[in-house]
Amino acid sequence: MGQKVNEETTIAAPIDTVWEVIIDLDTYPEWTEGVLETEIVATDDDGYPHRGRFKVDAKVAEISYVIEYRYIDYDVAWHLVEGDTISQLDGLYELWEDDDGNTGVRYSLEVDVDLPLPGFLKKRAARTILDQGLTGLKQRAESRA
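Residue numbers for the sequence shown follow my numbering, beginning at 1050 and rising by one.
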């Protein structure tokens, strides 16, 4: 069973800008700490990433995985298709526009690894992934606004 974490933030950028940063997998190594390489394996009928391959520095080792995306309006969801040392990586970015023209973001993540680690360490790893993802997303989108 994976470790579930989630957090909300407000990004001072239009919702389209935030969404475009999220779906631009090629730039993840530029703004997401620990992401070394990305590759779009397949796109959907609209040209958006459907499957993406990632190579990340997980501190104890470099790991690779493939995730599959689905889009519902401005929400971006994903789940793990295959990976080494990772058995679950399910996530969701929920986006909404607030009254000031900023973007609200709720990032939910469920992660599990194939290593014999205590639950609190798995939870800490999930929290680190979430924090780094939100911080990087916020900085990247706000720099483009």
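All C-beta atoms, glycine included, are put in the ideal place defined by N, C-alpha and C.
Rounded to the nearest angstrom, the Cβ distance from Gly1101 to Thr1081 is 12 Å, too far for a contact under 8 Å.
Annotated three-state conformation of Tyr1118 is strand, per DSSP. Contact between the stretch 1101–1119 and the stretch 1130–1150 is present: three or more C-beta pairs spanning the two stretches fall below 8 Å.
Taking a cut-off of 8 Å on C-beta distances, the stretch 1172–1180 does not touch the stretch 1059–1078, as fewer than three cross pairs fall below it. Counting only the Cα atoms, Val1160 lies some 22 Å from Ile1121.
With at least 16 other beta carbons inside 10 angstroms of its own, Trp1127 counts as buried.
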